[in-house]
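Residue numbers (mature numbering (1 follows the signal peptide of the UniProt record, and there is no 0)): -15 to -1, 1 to 342.
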């Protein structure tokens, strides 16, 4: 797939326009599929009311989601193993500064019910274009990873290589070959909703204390992406990188059906390839090549902030969502297409454990 084909992975009659103003170390118990999964009452391949989601809403600061995410505003979201099971944010502003901001800020315009619904559908459509992979048995029940507390997590992968690595571990385990283990492709819309759920009963108990174990749905960080983000951030003196990084090129605008959008890359290699193509095109046309400063974002924090803004009716989110285009990893698009080849196209069936809302 060419970079232009990969870029946005969407039908577009436009082109690229530049504007330059400016093996993972997570232990898992591969054959412990939740016994309650087979009798679960929810099929995440079907449409759901957004009210079914158990949402944790953090304290808020005004400003666009990109700015909020860049400031480190991370709400509670089930992110994988690298210390992000809960949320965190940067240090609070002084009370007097916060009070002054509240006093001076004009009343924010809120969205009506129809506008919120329209934005929820637009957000859902953007996420649904991004493949996500899981390792499940034949019945769609995920194999569970054991956390340090003894509780369980179902891992979700944005990159297929990590999912295949887990699958190989499952197949090498005792009785693994008979488990029906496979890599299942779903999408970021379903995965994101799962990750926002509160911890659920797993159907398993601690063998010593008999405590009922819970489970969460977690995104597995991709080691190579984390290292790539660290290298970019190190140039500005920052030492830590988000568990699930995303990248924007300063000044890069893509024309999609006559409308300008800014791509948010989930893969640094794809971001570099798009930037290299732009620079080659500019040189061939005798134009000034774009400098292409790459900015790193926390992808999950950014998406969560967008979701919260929509749910709270923040009118400013409409323009931001319209301007944002998520670019899936090109290798994930290719792998998803390979999985689909030769079999009927049907929604992926993810079977979560039974739980109380």
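Here a beta-carbon is modelled for each residue, glycine too, at the ideal position from N, C-alpha and C.
Backbone CA spacing between residue i and residue j [nearest angstrom]
i           : j           : result
residue 97  : residue 122 : 43 Å
residue 322 : residue 150 : 19 Å
residue 325 : residue 115 : 15 Å
residue 238 : residue 303 : 18 Å
residue 261 : residue 165 : 43 Å
residue 299 : residue 192 : 47 Å
residue 161 : residue 155 : 6 Å
residue 272 : residue 136 : 57 Å
residue 118 : residue 167 : 10 Å
residue 101 : residue 292 : 10 Å
residue 127 : residue 206 : 18 Å
residue 284 : residue 194 : 38 Å
residue 211 : residue 226 : 6 Å
residue 148 : residue 180 : 17 Å
residue 362 : residue 177 : Residue 362 cannot be examined here, being either before or after the span of the chain that is shown, -15 to 342.
residue 232 : residue 208 : 16 Å
residue 295 : residue 124 : 34 Å
residue 140 : residue 297 : 29 Å
residue 318 : residue 270 : 31 Å
residue 316 : residue 146 : 9 Å
Proximity to residue i [Cα-Cα], best of the options
i           : options               : result
residue 111 : 124, 214 and 247      : 247
residue 308 : 259, 107 and 197      : 107
residue 320 : 215, 225 and 144      : 144
residue 234 : 254, 226 and 222      : 254
residue 197 : 203, 204 and 188      : 188
residue 202 : 214, 211, 227 and 175 : 175
residue 313 : 113, 195, 277 and 130 : 113
residue 277 : 213, 258 and 199      : 258
residue 230 : 224, 214, 242 and 221 : 214
residue 218 : 279, 170, 208 and 288 : 279
residue 310 : 109, 185, 190 and 95  : 109
residue 281 : 315, 268 and 216      : 216
residue 152 : 172, 185 and 130      : 130
residue 133 : 199, 221, 173 and 270 : 199
Neighbour flag for residue i against chain C, beta carbons, 8 Å
i           : result
residue 102 : In summary, chain C is missing from the structure at hand, where a single protein chain is found.
DSSP three-state assignment for residue i, whether helix, strand or coil
i           : result
residue 324 : helix
residue 119 : strand
residue 195 : coil
residue 310 : strand
residue 134 : coil
residue 113 : helix
residue 153 : helix
residue 158 : coil
residue 164 : coil
residue 273 : coil
residue 317 : helix
Counterpart residues of residue i in DSSP-defined beta bridges
i           : result
residue 190 : 197
residue 220 : Looking at the DSSP assignment, residue 220 forms no beta bridge with any residue, so it has no partner.
residue 141 : 204
residue 95  : 299
residue 279 : 234
Where the beta strand (DSSP E) through residue i begins and ends
i           : result
residue 230 : 230 to 234
residue 250 : 244 to 250
residue 257 : Taken as a continuous stretch (DSSP letters only), residue 257 belongs to no beta strand (DSSP E), being part of the alpha helix (DSSP H) at 253 to 269.
residue 172 : 167 to 172
residue 241 : 237 to 241
Enclosing alpha helix (DSSP H) for residue i [first to last residue]
i           : result
residue 183 : Where residue 183 is concerned, there is no enclosing alpha helix (DSSP H), given that its DSSP letter is neither H nor E.
residue 294 : 284 to 297
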